[in-house]
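Enquirer:
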Amino acid sequence: MCLGIPGELVGPAGGHDDLAVVEVSGVRRRVNIGLLDGQELNPGDWVLVHVGFALSKISEDEAQAVLAYLEGLGQPYEDEIDALRASDIS
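Numbered per the working numbering, the sequence shown finishes at 73, counting up by one with no gaps.
Printed below as a string of structure tokens:
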């Protein structure tokens, strides 16, 4: 199963036009935004992230609904966030 997780765009990653920093449940990571080329992206926008790529821009309402569902999964979701937090790739 593939899982896309909402991330809030923080800003550019610096030095790379196709990289941006997003925050996923309190964890900041660089993601590739090249698939969204041509779309207006601003800090505060939400994107759906899968394996380090922003796949689509989504509304804040959609992002919050998905996050609420994922948080409702309980421990499996917490385990994924812990793994994300531990995989510091800065």
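We treat Cβ as the ideally placed atom computed from N, Cα and C, and that holds for glycine. This one's a predicted model, so the numbers in the text were calculated from it and none came from an experiment.
Which one or two residues does DSSP pair with H(-1) in a beta bridge?
Expert: None; H(-1) has no bridge partner.
Enquirer: Do N25 and L(-14) have their C-beta atoms closer together than 8 Å?
Expert: Cβ distance not < 8 Å, so N25 and L(-14) don't count as in contact.
Enquirer: Counting C-beta neighbours from all protein chains within 10 Å, is the total for P59 16 or more, i.e. buried, or is it exposed?
Expert: Exposed, by the Cβ-count rule.
Enquirer: Given a threshold of 16 other Cβ atoms within 10 Å of its Cβ, counted over all protein chains shown, does G(-10) qualify as buried or as exposed?
Expert: That one is buried.
Enquirer: Does the beta-carbon distance from L53 to I(-12) come in below 8 Å?
Expert: Contact flag set, yes.
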